[in-house]
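Using the numbering used here, read the sequence shown as starting at 171 and increasing by one per residue.
Note that the Cβ used here is the ideal one computed from N, Cα and C, for glycine as well.
Small disclaimer: the values here were computed from a predicted structure and weren't measured.
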Amino acid sequence: MADRGCPLEAAPLPAEVRESLAELELELSEGDITQKGYEKKRAKLLARYIPLIQGIDPSLQAENRIPGPSQTTAAAPKQQKSRPTASRDERFRSANIQPMFIWLLLVWLLRNKFIWTQDSNKSYTLQLVDVHTEAVQAALAKYKERKMPMPSKRRSVLVHSSVETYTPPDTSSASEDEGSLRRPGRLTSTPLQSHSSVEPWLDRVIQGSSTSSSASSTSSHPGGRPTTAPSAAATPGAAATTALAGLEAHTHIDLHSAPPDVTTGLVEHSYFERPQVASVRSVPRGCSGSMLETADGVPVNSRVSSKIQQLLNTLKRPKRPPLKEFFVDDFEELLEVQQPDPNQPKPEGSETSVLRGEPLTAGVPRPPSLLATLQRWGTTQPKSPCLTALDTTGKAVYTLTYGKLWSRSLKLAYTLLNKLTSKNEPLLKPGDRVALVFPNSDPVMFMVAFYGCLLAELVPVPIEVPLTRKDAGSQQVGFLLGSCGVFLALTTDACQKGLPKAQTGEVAAFKGWPPLSWLVIDGKHLAKPPKDWHPLAQDTGTGTAYIEYKTSKEGSTVGVTVSHASLLAQCRALTQACGYSEAETLTNVLDFKRDAGLWHGVLTSVMNRMHVVSVPYALMKANPLSWIQKVCFYKARAALVKSRDMHWSLLAQRGQRDVSLSSLRMLIVADGANPWSISSCDAFLNVFQSRGLRPEVICPCASSPEALTVAIRRPPDLGGPPPRKAVLSMNGLSYGVIRVDTEEKLSVLTVQDVGQVMPGANVCVVKLEGTPYLCKTDEVGEICVSSSATGTAYYGLLGITKNVFEAVPVTTGGAPIFDRPFTRTGLLGFIGPDNLVFIVGKLDGLMVTGVRRHNADDVVATALAVEPMKFVYRGRIAVFSVTVLHDDRIVLVAEQRPDASEEDSFQWMSRVLQAIDSIHQVGVYCLALVPANTLPKAPLGGIHISETKQRFLEGTLHPCNVLMCPHTCVTNLPKPRQKQPEVGPASMIVGNLVAGKRIAQASGRELAHLEDSDQARKFLFLADVLQWRAHTTPDHPLFLLLNAKGTVTSTATCVQLHKRAERVAAALMEKGRLSVGDHVALVYPPGVDLIAAFYGCLYCGCVPVTVRPPHPQNLGTTLPTVKMIVEVSKSACVLTTQAVTRLLRSKEAAAAVDIRTWPTILDTDDIPKKKIASVFRPPSPDVLAYLDFSVSTTGILAGVKAGRGGSRL
């Protein structure tokens, strides 16, 4: 290099030199010259204008002297002349190349790390410096201020921005050999400050104007010294040098800018700051040049390579959406979204607070546990009646005393713990779960089994008796037993005899049930415990006392665990709320195995030494008035019923004049939360008030399997407030808002209170969805209870247990309202006046259509109001919802009376649709009527809703009348035809295609090339393989024939099938006198005989034609088909069994087909044991192996030919 301290005499470059530099740059970009040649030629051109550069011959500098003014002036007109575009020189001279010269010169200077500086003599010196220092520091400083993204993307767009506000990204770490995207030393242009365009500024630079450039240099270098503006007498070279220095000051930052983003196009951008610059590129030869523009519209002479332009165009295209978007079903976006009604009611009240129940009073000291209470009554009051069981005629068949209950429970506990062993070890351990399977007509044995398990520290799991293998919900109950680890079931001798049996005489294995051992607990099967044996279960801890099953809305069955502490607290709370006392009589019509029937009739009654009269369901069906008769006969003080029982009693009370209900002080209505219970209660009171029934006696209550008893109405003598009713707007309830209305309107719901909160409980009302925020006073929500008398968990289901049993209600501000968790009850309601609880529905019956809520029980009540007794059989109506177009649709199924006509059916359905539409303002998707007693039944005769829904979805409901009304309820149909978004309706097929997966293609494993082995060449065809298998694995069973009961009737091993095929082949050749290629019809039923005959044909070279034999009871239709196949296939012989042969030659067959037209018929039942000389070996794989005929539904006969190669292995 030349001495860097020598002064440089700068001058404007002539046009010819600039054109040569531009042409040289183009040659390098197109690969016409190497980098080394480019450097050499460029240095040669610039040698005279940059003297004293090392490596340049002074003679070259002399040859390239700066031309005089006249030469410069004369060169100017040349630039203005028009030139043809045939040559490269003329193509480039037609453009303004001044900017290109400046950029190329600066690239060369910066590549060699030169910078212009001014010494004390105001002459410029070329010095070697580190070009990164100031540029990187300035870039980083402004990078931090603007917080631009990391320099990982390439940018190549012209941007209008001043130097002061422009922050070029850093590219100092970029590779210098990135091909055509960024060649080493390529300079990018940046518009300078205070100029509206680039070209005038460059013209002034060439002409010697240096004021602006020096100013720009000063302003763009905050850390540099301000350059002094040269005088007017300064040489043009000095002026140009000053301009170059200023331009270089900007280029220091540009050289280290981020790689350009080639994904953005060369288009005009709005005026915002983005670190994007335009790279100067060239076009290939033969292509016309393109003029690029900056953001200010300044044309820039640039020629872009076709490959680079193609890459830019590709990257400018819109980015493809992420792969996951192709798998997202945007069907919901195509549906009409129902907009909320601006006039819909909204809650306006204040936030509710926690409702605290009365504290549990200590009262008379009681034993510490329920078992201790049983022991006390069993030893001190052994003769006191505990439970009376009735038969189907209403007679008392057995009365269980407390002494008998205690002694028999002890026997059972002792037997379970000591007499059941497995490998000399006890079969049961404390904490094991045991199933209790007892019918509804045997409460005595259930009670003994329940308390026996508690005494043995076992966990009873009461379930229903499986009557058949296809009981509704039986499979889900089996899943519960399996998850609980139940392997022992307790039952009675009579019940076990009625269970479905297997062929071995054992109880059949029910679908979905775990293997169970059945133990009969009748007295003769129990062992008497020693006198010194005493059970250890006396505590009231948190251990599980029993598990109660619950069926959810979807049909799944879960087990709610109740601890000993909760059981005891529930009994004490019920005793205080109901005012139970010793020796009282309770008439129980409910199921004693679960819910209120278990809590009142089995548990709380023992705590208070009460006498329970259990009325079975079968008796209620035969005599609905039986429970009232028993109340009158036993002078019962309390009765436990459902509104259904009260309704049936009203229908049967005519002619019963001698009944009196004056002894009742509490008539507990267990389903008081149902909307139709109020009508049953009012009607029952109107009829029986004249027979001693007092209005305050009727006490509806609300309960759930999770929270046990939630609330119960109490008579005035127990401190209860007067009962209340609420007339609510159905429209408001559908939006979850309480609006009081008048009874004159049709669209109202009248509900009764279910009393006060249970003693010792805290109740709140929370929102249904999302975080459990407290509801407002005029808002319907879910009732939550915090008490020691609730369930503890869903057995084995920790996830939903936390959501249901460990809810934490919060205020609007997010603060918890209580220091203990709450249990969700699944009941929807609100707190009314006098702190009374009102229930308007259940979460399991909630149906959400659009933005409105409807309760299934409300729809049932509306349907029952439309002449139920004249048409609906025993009031059996089921209402549920199915999902159609992402929304719930209401389905109503009812059992019609046997004598109802089709006209009556549709008249009733039309009236029901009108009633539901006018009262609930919702359409019914489907209304189906089924024959009487065909809907799946629940254990106590009700309709099994989830099983009914499942049958409806599966199409196995078999209705006799159906009325579909989708047009009235499906209001969110897809939008009309319109331009869809870019992706369009997404689907799994599109997603898989985008992911590169092949659709609808499956390939099996490759077959081994057996012909590669000399030994394997013998076994190319099926007949050869059977011979080989008969010699290598003769005893391997190939086929088993099963009968309808699943037992094996016949087998065929490899050698057996081979020998039978040989006998068939010998018979065909000797008796049938067949030759190779003849067709043989095989008229066999499916079985081993058909297979042996098939291989026999292959052995002798005949072509088998399999034909289904005619049906004996339908010869007129099936026999002509057999004859047609035999004739079309040109079969020379018919192989069959003796039974089919007799059938073909019978008189019935002769009426359909002439016997003489049949070919030779051979039966293979008693053919002699003969061998053939050799097995036929086909000369080629194309030889016909068998024919397969089939008859279409239109009666067309079609056959398929299969060659030996097709059956080749």
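Taking the alpha carbon of Asn1025 as the reference point, which residue from Arg1059, Ile1001 and Gly1045 has its own alpha carbon closest? Proximity to Asn1025 across Arg1059, Ile1001 and Gly1045 peaks at Arg1059, based on C-alpha coordinates.
Under three-state DSSP, which class holds Gln646? Looking at Gln646 - three-state DSSP - the assignment turns out to be helix.
Counting Cβ pairs, one atom from each stretch, are 3 or more of them under 8 angstroms apart for the segment 871-885 and the segment 901-919? Too few Cβ pairs lie closer than 8 angstroms, so no.
First through last residue of the beta strand (DSSP E) which encompasses Val783: Here the beta strand (DSSP E) through Val783 covers His781 to Ser784.
In whole angstroms, give me the CA-to-CA distance for Val1234 and His1201. Between the alpha carbons of Val1234 and His1201 lies a gap of roughly 19 angstroms.
Can you check whether the CB of Val782 is closer than 8 angstroms to the CB of Val759? For Val759 and Val782, no; Cβs fall outside 8 angstroms.
Kindly indicate which three-state DSSP category Cys1135 falls into: helix, strand or coil? Looking at Cys1135 - three-state DSSP - the assignment turns out to be coil, as it is neither helix nor strand.
Compare the beta carbon distance of Gln1120 and Leu1006 with 8 angstroms and say whether it is the shorter of the two. Going by beta carbons, Gln1120 and Leu1006 fall outside the 8 angstroms limit.
Where Pro636 falls, given that 16 or more other Cβ within 10 Å makes a residue buried: Taking every protein chain shown into account, the CB of Pro636 has 16 or more other CB atoms within 10 angstroms, so this residue is buried.
Tell me whether Thr550 is buried or exposed, calling it buried when 16 or more other Cβ atoms sit within 10 Å of its Cβ. Classification for Thr550: exposed.
Within 10 Å of its beta-carbon, does Glu195 have 16 or more other beta-carbons around it, so buried, or fewer, so exposed? Under this definition Glu195 is a buried residue.
Element boundaries [beta strand (DSSP E), containing Cys1096]: Per DSSP, Cys1096 belongs to the beta strand (DSSP E) from Val1094 to Val1100.
Would you check if the distance between the CB atom of Gly1375 and the CB atom of Pro1351 is smaller than 8 angstroms? For Gly1375 and Pro1351, yes; Cβs fall inside 8 angstroms.
Output the residue ranges of the alpha helix (DSSP H) runs that lie fully inside the segment 824-865 and measure 4 residues or longer, sorted by chain position. 847-858, all fully within the segment 824-865.
When you compare only the Cα positions, how much space is there between Arg807 and Asp765? Distance from the CA atom of Arg807 to the CA atom of Asp765, rounded to whole angstroms, is 21 angstroms.
Simplified DSSP state of Gln1380, which is helix, strand or coil: The shown model of the chain, from 171 to 1379, leaves out residue 1380, and the question about it has no answer.
Are there 16 or more other CB atoms within 10 angstroms of the CB of Leu821, so buried, or fewer, so exposed? Around the beta carbon of Leu821, a 10 Å sphere encloses fewer than 16 other beta carbons of the protein chains shown; the residue is thus reported as exposed.
Sort Cys869, Glu1117 and Leu1305 by Cα distance to Asp1335 and report the nearest one. Ranking Cys869, Glu1117 and Leu1305 by Cα distance to Asp1335 puts Leu1305 first.
By the 10 Å Cβ neighbour count, where 16 or more other Cβ atoms means buried, how is Asp373 classified, buried or exposed? Unreliable positioning characterises Asp373 in this predicted model, as indicated by a pLDDT of 45, which lies under 50. A coordinate reading is not provided.
Which same chain residues end up closer than 8 angstroms to Ser520 when comparing Cβ atoms and leaving out the 5 residues on each side of it in sequence? Taking Ser520 as the centre and dropping the five residues before and after it, the same chain places the C-beta of Lys946 and Thr947 closer than 8 angstroms to its C-beta, in chain order.
Span of the alpha helix (DSSP H), counted from its first residue to its last, around Pro613: Where Pro613 is concerned, the enclosing alpha helix (DSSP H) starts and stops at Pro613 to Leu625.
Contiguous beta strand (DSSP E) assignments of at least 3 residues, all confined to the segment 986-1024: With a minimum length of 3 residues, the continuous beta strand (DSSP E) runs that stay inside the segment 986-1024 are 993-1001, 1007-1012 and 1016-1019.
Following a CB-centred definition, is Ala853 positioned closer than 7 angstroms to any heavy atom of the ligand GDP? Here there are no bound small molecules, and the ligand GDP is not part of this structure.
With 16 as the cutoff for other CB atoms within 10 Å, does Trp703 come out buried or exposed? So Trp703 counts as exposed.
On the CB-based measure, 16 or more other CB atoms within 10 Å of its CB, does Ser726 come out buried or exposed? With fewer than 16 other Cβ atoms inside 10 Å of its own Cβ, Ser726 counts as exposed.
Hey, would you say Ile953 sits closer than 8 angstroms to Val980, going by beta carbons? Against a cut-off of 8 angstroms, the Cβ pair of Val980 and Ile953 comes out as no contact.
Does the distance from the CB of Leu696 to the CB of Lys581 come in under 8 angstroms? Against a cut-off of 8 angstroms, the Cβ pair of Lys581 and Leu696 comes out as a contact.
Would you say the segment 552-561 touches the segment 590-599, given that touching needs at least three Cβ pairs under 8 angstroms? With the rule of 3 Cβ pairs closer than 8 angstroms, the segment 552-561 does not count as touching the segment 590-599.
Please state the DSSP three-state secondary structure of Ile1086. In the three-state scheme derived from DSSP, where H, G and I count as helix and E and B as strand, Ile1086 is classed as helix.
Roughly how many angstroms separate the alpha carbons of Gly767 and Ala872, rounded to a whole number? Cα-Cα distance, rounded: 13 angstroms.
Short of 8 angstroms in beta carbon distance, which residues of its chain neighbour Thr1118, apart from the five on each side in sequence? Order them along the chain. Taken in chain order, the residues that qualify are Ala1048, Phe1050, Val1063, Leu1105, Pro1106 and Leu1127.
Would you mind sorting Met1134 into buried or exposed? The rule is 16 or more other CB atoms within 10 Å of its CB. Taking every protein chain shown into account, the CB of Met1134 has fewer than 16 other CB atoms within 10 angstroms, so this residue is exposed.
Tell me whether Gln1283 sits in a helix, a strand or coil according to DSSP, three-state version. Helix, per DSSP.
Cross-strand partners of Pro1256 (DSSP beta bridge): Answer is none; Pro1256 lacks a bridge partner.
Is Asp1358 helix, strand or coil when you go by DSSP? In the structure shown, Asp1358 sits in a strand (DSSP, three-state: E or B).
Please check the pair Leu650 and Tyr719, which I expect to be a contact at CB under 8 angstroms, by giving their CB distance rounded to whole angstroms. Between Leu650 and Tyr719 a beta carbon distance of about 6 angstroms is seen, short of the 8 angstroms cut, so the two are scored as contacting.
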